[in-house]
Amino acid sequence: MAMARSENNPDRLAERLERAESRNQAKAADLLGQLQLAPADQGPSGLGIMGGTFDPVHYGHLVAANTACWEYNLVGVVFVPSGRPPHKRGKVITEQEHRYRMALLATCDNSQFFVSRLEMDRPGYSYAIDTVKNFAAVLGPRQPLYFITGADAVIEILAWKNINEFFTYCSFIAVTRPGFDLGGITVEPQLNPIYLDNIECLEIPALAISSTDIRQRIAQGRPVRYLLPDAVHDYIANSQVYAPAGTAASEAGFEY
Ligand code: DND
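Its first residue numbered 18, the sequence shown is counted upward by one per residue in my numbering.
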């Protein structure tokens with residue numbers, strides 16, 4: 018794998034991961050603590066939930082979360098790596114600890130981002146409804162919840178488990194490329210029209226970055242630097258998490 022100028026010292030990476038984990042715990046405690054207090058009149062309120070497979074996490078995810086956080090004046094955004102994504106049955110995905118560690122490294126330097134193991138530690142498929150219910154129970158009704166996704170995923174949410182119940186717990190922020198049209202969603206019969214108002218569109222700069230493309234580039238030996246944070250780049254290079262099929266390191270993926 019041709020990954021230039023990466024930090025290839027396993028000890029340094031282990032230290033960096035340890036620091037990221039401990040910082041993550043501190044940020045999670047701090048942000049959840051703030052959210053458990055009553056929101057101030059003008060101050061930030063609410064939690065963004067950025068669910069994803071994050072295989073791997075990249076700048077598209079980070080820009081989406083950061084823009085939503087700023088535009089909606091949120092207290093913070095929790096990244097929730099999916100343990101067993103229900104829509105990826107039968108596909109090979111990378112072992113969850115790798116995806117979690119990459120998310121930790123990617124979010125480490127942002128005091129408003131933290132990563133949750135909730136879906137990884139929950140048995141069975143990782144349904145978003147269970148995740149929003151969990152945060153609603155932890156935070157109570159005074160703090161609004163916003164599930165953040167890419168615009169392409171919005172059309173698919175109609176097939177999500179208990180989608181109408183989902184909207185009783187949270188709103189949906191669909192980040193769109195400039196000019197993207199979400200009009201088609203209004204005619205879908207699965208969604209109770211009263212919840213259409215709970216879908217908010219947020220334009221972010223066009224970021225044609227995708228995890229699939231990153232994995233393909235790595236498999237082809239092409240560069241992925243600047244598509245994702247350097248710390249994630251270094252982790253991938255060091256752990257060989259996306260090593261070409263047939264090598265020992267490629268065992269990191271699993272099919273279910
Ligand atoms: P993905 O596998 O699409 O995540 O999963 C997104 C979320 O949908 C996860 O939390 C799933 O658990 C949930 N889901 C899916 C299907 C069914 C159900 C739930 C259910 O409950 O029944 P990726 O890692 O590929 O991407 C994460 C997010 O980032 C996605 O919303 C994706 O659209 C978005 N994204 C970008 N946003 C802006 N710019 C880019 C992006 N690339 C991906 N370049």
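Glycine included, every Cβ here is placed at the ideal spot set by N, Cα and C.
The residue among 47, 160, 242 with its C-alpha nearest the C-alpha of residue 89 is 160. With contacts defined by Cβ atoms closer than 8 Å, residue 78 and residue 65 do not form a contacting pair. Taking the Cβ atoms as the reference, residue 73 lies roughly 19 Å from residue 192, outside the contact range of under 8 Å. Residue 224 has its alpha-carbon roughly 8 Å from the corresponding atom of residue 194.
Judged by DSSP in its simplified three-state form, residue 73 adopts coil rather than helix or strand.
By the Cβ rule, the stretch 94 to 106 does not count as touching the stretch 237 to 251, because fewer than three pairs are nearer than 8 Å. The three-state reading of DSSP puts residue 99 in coil, since its state is none of H, G, I, E or B.
Residues of the same chain with a CB within less than 6 Å of the CB of residue 142, apart from the 5 flanking positions on each side, are 101, 103 in chain order. Residue range 216 to 220 is occupied by the beta strand (DSSP E) that includes residue 217. DSSP, reduced to helix, strand and coil, places residue 89 outside both helices and strands of the structure shown, so it counts as coil. Taking a cut-off of 8 Å on C-beta distances, the stretch 129 to 137 touches the stretch 34 to 49, as three or more cross pairs fall below it. In the three-state reduction of the DSSP assignment, residue 142 falls in the coil class.
Taken through DSSP and simplified to helix, strand or coil, residue 228 comes out as helix. The distance from the Cβ of residue 217 to that of residue 189 is about 7 Å, consistent with a contact at the 8 Å cut-off. In this structure, residue 116 and residue 71 form a Cβ contact; the two beta carbons are roughly 5 Å apart against a cut-off of 8 Å. As far as DSSP is concerned, residue 50 takes part in no beta bridge. Here the alpha carbon of residue 76 sits roughly 17 Å from the alpha carbon of residue 93.
The shortest CA-to-CA distance from residue 163 to any of 173, 149, 176 is the one to 149. Nearest in C-alpha terms to residue 140, of all of 113, 61, 153, is 113. Under the three-state reduction of DSSP, residue 155 is assigned to helix. Cβ contact annotation for residue 135 (same chain, cutoff 7 Å, sequence separation greater than five): 97, 148, 151, in chain order. CA-CA distance, residue 146 to residue 181, rounds to 10 Å.
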